[in-house]
Each structure stands twice: as C-alpha cells, then as structure tokens.
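Chemist:
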Amino acid sequence: MSSSCGALKIPEMFLRAAARKKAASTSNESIAHISHVEGASDSVNVASGAVENGVDKKERSTDGLNDETRVTDENDKQIATDLNSKITTSLNHSDENSSRWIVSLIIGFNEQQISLSNISDVSLSFPVAPTQKASVDHLKSLLTDSGWRRALDMELRKEYMHKIVRFLEGEREKGITVYPPRELIFNAFNLTPLSEIRVVIIGQDPYHNEKQAHGLCFSVAKGVRPPPSLVNIYKEMKEDIPKFTIPNHGCLESWARQGVFMLNATLTVEAHKANSHSAIGWQKFTDEVIRIVSRNRNGVVFLLWGGFAHKKEALVDRKKHTIIKTAHPSPLSARLFMGCRCFSKTNNALIKLGKPAIDWASL
C-alpha cells in the first residue's frame with residue numbers, strides 16, 4: 009500500500025492538523041483523519057492516506073477545508089466539495105468562546121461504492137486532546153512549591169482547568185494581552201508555601217493596566233505607581249502601625265514571604281478590562297484553594313475586604329480560623345475602610361494563637 013501527503017496553509021484559527029492513517033490491507037477503505045485546534049498558527053499539515061486496491065491504484069490528495077481540493081475524477085470532486093462544506097459549516101458554528109477545541113474527523117468509505125450518501129454519515133466529535141494535557145501540565149509546572157503542587161494536583165486535572173488553559177492560549181494567539189504574564193499567574197502560591205500560610209487576603213481580580221499585575225492581590229511590581237486601593241491601604245496602615253512609613257512603591261512581596269497568602273479570586277484579566285475573566289472558571293479553582301487552606305492549616309487569619317471577599321467566609325471553617333471583615337479599600341468605600349485597624353487586629357489574633365505577628369511595615 010502506498011500513501012501520499014499534502015501540505016497547505018489554512019486560517020489562523022487552527023493550530024495543528026495532521027494525521028496519517030494507513031488503511032488496513034484487507035479492506036478497501038480510505039481514512040482521512042484531520043485534527044484542528046482553534047487558535048494559534050496559520051500553518052498546518054493535512055495528511056491523507058492513499059488507497060490501493062487489487063486491480064488499480066488511485067492516489068488522491070486532499071488539501072483543504074476552504075482551499076481548492078484536488079482529486080482524480082469528477083465523482084471525487086463532488087464528494088470533496090460536499091465534505092469541505094460540511095467541515096466549514098461545523099467549524100463556523102462552533103463556540104468560539106470555548107476556543108482551541110479539537111475536531112477529529114474520521115471518514116471511511118468503500119473504494120468501489122463511493123457515493124454522496126457517505127457524507128451524510130460524517131460525525132464530528134470534540135475529545136480532550138493530548139495538547140490540552142500538555143498545556144495544563146505546563147501550567148502546573150509554574151507551581152514551584154511542592155506542597156501546593158501536591159494539594160492542587162487533582163484540581164488541575166479537572167476538565168474546567170483544560171477549558172481555562174484553552175481560553176487563555178486562544179486569547180494570546182489572537183493577540184489579546186492577558187495579565188499577569190503566564191509565569192506569574194501562580195506567584196502568590198510560589199511566594200507563600202501552603203505550609204507557611206498565616207494570613208489570607210482575598211482580592212477580586214488582577215490589576216488590568218500595563219505592568220501592574222504580578223500575581224499578588226493589591227500589589228504591583230516595583231517601579232509601578234501604587235493604584236488607589238493600595239494608596240488607601242497605606243493610609244490605613246500609617247494610622248494602624250506606629251512605625252510604618254509609606255514607601256515609594258507598591259510591591260507587597262515581603263508580606264507574601266512572611267506567610268500572607270495574597271489570593272485573587274480570578275487569576276488573570278484581559279488588558280484594560282476589569283473582571284473580564286471572572287466567568288472562565290478561575291473562581292471555581294480559587295474557591296477550592298481556600299478550602300484547601302481551611303482544611304490543611306490551623307489558626308489562619310482570613311482578612312476579607314469588601315462584599316465580594318465576605319462571600320468567601322462560607323468556605324472557611326470558623327472553628328479553626330479567625331475571620332476579620334472590613335469594607336474594601338477602594339476609593340468607593342474607603343471612608344468605611346479607614347479606621348478599621350485590620351492590621352493590628354490580625355497581629356493580635358496571631359499572637360493569641362501563639363504565632364509571630366506580621367511585620368507589615370517591612371516593605
């Protein structure tokens with residue numbers, strides 16, 4: 009049996025396509041197996057098997073979805089045209105928001121009995137592709153703390169995490185800027201190992217302007233002007249912590265290294281669009297993160313700022329942990345936040361539990 013392959017350029021919505029299948033020598037079937045992943049590259053290879061029967065040999069090269077299809081006779085041309093139309097229609101009606109999904113198309117037909125009726129039996133399916141698993145494995149590799157990796161292993165394997173990865177990669181492949189950079193998505197986890205958590209601060213989603221977000225809620229990288237919420241946090245700290253001097257930066261990494269786990273409920277955001285990723289699945293993940301902290305740690309102080317964070321109280325075992333609720337430091341509610349003295353209250357709670365206080369002033 010012989011085989012032939014065709015290569016082509018197709019639209020950017022596909023990352024990979026390609027498969028070579030040799031039909032069994034005892035059958036007269038030709039199988040074209042085409043896989044498409046939405047969203048990354050405009051260069052793919054499409055491979056098709058060529059079939060040899062006992063009397064004569066026909067080689068056909070199928071190059072295309074929307075491109076011109078080359079076949080050896082008029083009958084095959086009609087079949088290929090109908091097939092291309094079916095594939096294109098299916099792809100155009102796919103859910104673009106799910107992004108980077110896989111289409112596996114397997115067509116079998118008898119060399120001696122080719123007819124258009126075969127095309128009506130074509131079915132499309134959407135399995136979890138090996139590239140998806142690799143993407144989630146890469147995401148997991150960004151977790152450098154072994155404790156977090158063990159604790160989150162099963163959660164990272166769940167289908168909704170594959171969907172998050174597909175969505176994020178699809179956005180980046182479209183040229184959409186996503187914050188924080190991929191390598192900083194788990195920055196809060198890497199700076200604060202699970203075994204060292206003493207305080208949890210819960211934010212909503214990352215800052216969405218350039219260079220602000222670096223994986224810690226309310227914090228920005230050094231060299232970036234502190235946003236309004238952080239300015240108000242500093243103002244309250246100046247009143248609450250006697251030795252605190254407002255710094256000329258907004259980086260709170262020193263808190264994270266002391267055991268303050270600074271978790272955003274949504275870990276990514278589209279540039280300049282607040283809450284743009286709030287519905288892609290991150291909150292399911294971070295809710296489980298909060299449960300893991302509640303189950304695996306004792307005597308943690310949960311510092312909940314604002315109504316959104318207050319809802320996370322239901323995920324915490326109050327018999328084991330301390331919860332301090334205040335207004336949000338945003339300018340919209342800063343009047344209620346000022347005077348809450350949440351930093352000294354947090355330290356008092358830690359001391360009562362026999363744990364060292366946080367040096368909030370060491371920025």
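Per the numbering used here, the sequence shown runs over residues 9 to 371.
Think of the CB as a built atom: it goes at the ideal place given N, C-alpha and C, for glycine as much as any other residue.
These numbers come from a predicted model, not from an experiment.
Taking Lys-173 and Arg-180 to be in contact with their CB atoms under 8 Å, please state how far apart those CB atoms are, rounded to whole angstroms.
Modeler: Reading the sequence as shown, one finds Val at residue 173 and not Lys. Rounded, the Cβ-Cβ distance is 11 Å, inconsistent with contact.
Chemist: Can you tell me the Cα-Cα spacing of Phe-269 and Leu-358, whole angstroms?
Modeler: Each residue's alpha carbon lies about 15 Å from the other.
Chemist: Pop quiz: Cys-350 and Ile-332 are said to be a contact at Cβ under 8 Å. What is the actual Cβ separation, rounded to whole angstroms?
Modeler: With 8 Å as the limit, Cys-350 and Ile-332 qualify as a contact, their Cβ atoms being about 5 Å apart.
Chemist: Measuring straight from C-alpha to C-alpha, what distance separates Leu-271 and Ser-154?
Modeler: Roughly 18 Å separates the two Cα atoms.
Chemist: Can you list, in chain order, the residues of its chain with a C-beta nearer than 8 Å to that of Leu-164? Leave out the 5 residues immediately preceding and following it.
Modeler: Counting only Cβ-Cβ distances below 8 Å, and skipping sequence neighbours, we find Val-144, Leu-147 and Lys-148.
Chemist: Which same chain residues, not among the five before or five after Gly-347, have their C-beta less than 7 Å away from its C-beta?
Modeler: Excluding positions up to five away in sequence, the list is empty.
Chemist: Helix or strand or just coil, what does DSSP make of Val-186?
Modeler: In this structure, Val-186 counts as strand in the three-state DSSP scheme.
Chemist: Which term fits Asp-213, buried or exposed, when burial requires 16 or more other beta carbons within 10 angstroms of its beta carbon?
Modeler: Asp-213 is buried by the Cβ-count criterion.
Chemist: Among Leu-224, Gly-223 and Gly-267, whose alpha-carbon lies nearest the alpha-carbon of Pro-364?
Modeler: Pro-364 has its Cα closest to that of Gly-267, out of Leu-224, Gly-223 and Gly-267.
Chemist: Exposed or buried, which one is Leu-224 when buried takes at least 16 other CB atoms within 10 Å?
Modeler: So Leu-224 counts as buried.
Chemist: Per the DSSP calculation, Lys-333 is bridged to which residue(s)?
Modeler: Lys-333 is bridged to Leu-312.
Chemist: Could you check the C-alpha separation between Thr-276 and His-285 for me, to the nearest Å?
Modeler: Near 6 Å, if we compare the C-alpha coordinates of His-285 and Thr-276.
Chemist: Under the criterion of a Cβ to heavy atom distance below 7 Å, does Arg-343 qualify as lining the ligand PLP?
Modeler: Summarising the ligand content, the structure contains no ligands, and the ligand PLP is consequently not present.
Chemist: What do you get for Glu-244, buried or exposed, if any count of 16 or more other CB atoms within 10 angstroms of its CB means buried?
Modeler: The residue is buried, with at least 16 neighbouring Cβ atoms inside 10 Å.
Chemist: Since Asn-272 is in the beta strand (DSSP E), which residue starts that stretch and which ends it?
Modeler: Note, Asn-272: beta strand (DSSP E), 268-272.
Chemist: Are there 16 or more other CB atoms within 10 angstroms of the CB of Leu-312, so buried, or fewer, so exposed?
Modeler: Answer is buried; the Cβ neighbour count reaches 16.
Chemist: With which residues is Glu-278 paired in a DSSP beta bridge?
Modeler: In the DSSP output, where bridge partners are listed per residue, Glu-278 has Val-186 and Lys-281.
Chemist: Does the Cβ of Met-169 have 16 or more other Cβ atoms within 10 Å, making it buried, or fewer, making it exposed?
Modeler: That one is buried.
Chemist: Please return the same chain residues whose Cβ sits closer than 6 Å to the Cβ of Ser-370, not counting the five positions on each side in sequence.
Modeler: Closer than 6 Å at the Cβ level, and outside the excluded window around Ser-370, lie Ser-262.
Chemist: To the nearest angstrom, how far is it from the Cα of Ser-227 to the Cα of Cys-259?
Modeler: Distance between the alpha carbons of Ser-227 and Cys-259 is about 5 Å.
Chemist: Just how far apart, CA to CA, sit Lys-166 and Ile-249?
Modeler: Between Lys-166 and Ile-249, the C-alpha separation is close to 43 Å.
Chemist: Output the distance between the C-alpha atoms of Trp-290 and Leu-361, rounded to the nearest integer angstrom.
Modeler: So the alpha carbons of these two residues sit roughly 32 Å apart.
Chemist: Could you check how far apart the C-beta atoms of Asn-306 and Ala-159 are, in whole angstroms? I think they sit under 8 Å.
Modeler: Not a contact, Cβ separation roughly 15 Å.
Chemist: Who are the Cβ neighbours of Thr-152 in its own chain at under 7 Å, not counting the five residues just before and after it?
Modeler: Same-chain partners within the cutoff: Asn-198.
Chemist: Should Gly-314 and Ala-335 be called a contact, given that it needs their Cβ atoms to be closer than 8 Å?
Modeler: In this structure, Ala-335 lies closer than 8 Å to Gly-314 by Cβ.
Chemist: How is the beta strand (DSSP E) around Val-373 delimited, first residue to last?
Modeler: The first residue shown for the chain is 9 and the last is 371, placing residue 373 beyond what the model contains.
Chemist: Indicate the three-state DSSP secondary structure (helix, strand or coil) for Ser-51 in the structure shown.
Modeler: A caution first: Ser-51 carries a pLDDT of 33, below 50, which makes its placement in the model too unreliable to give a value.
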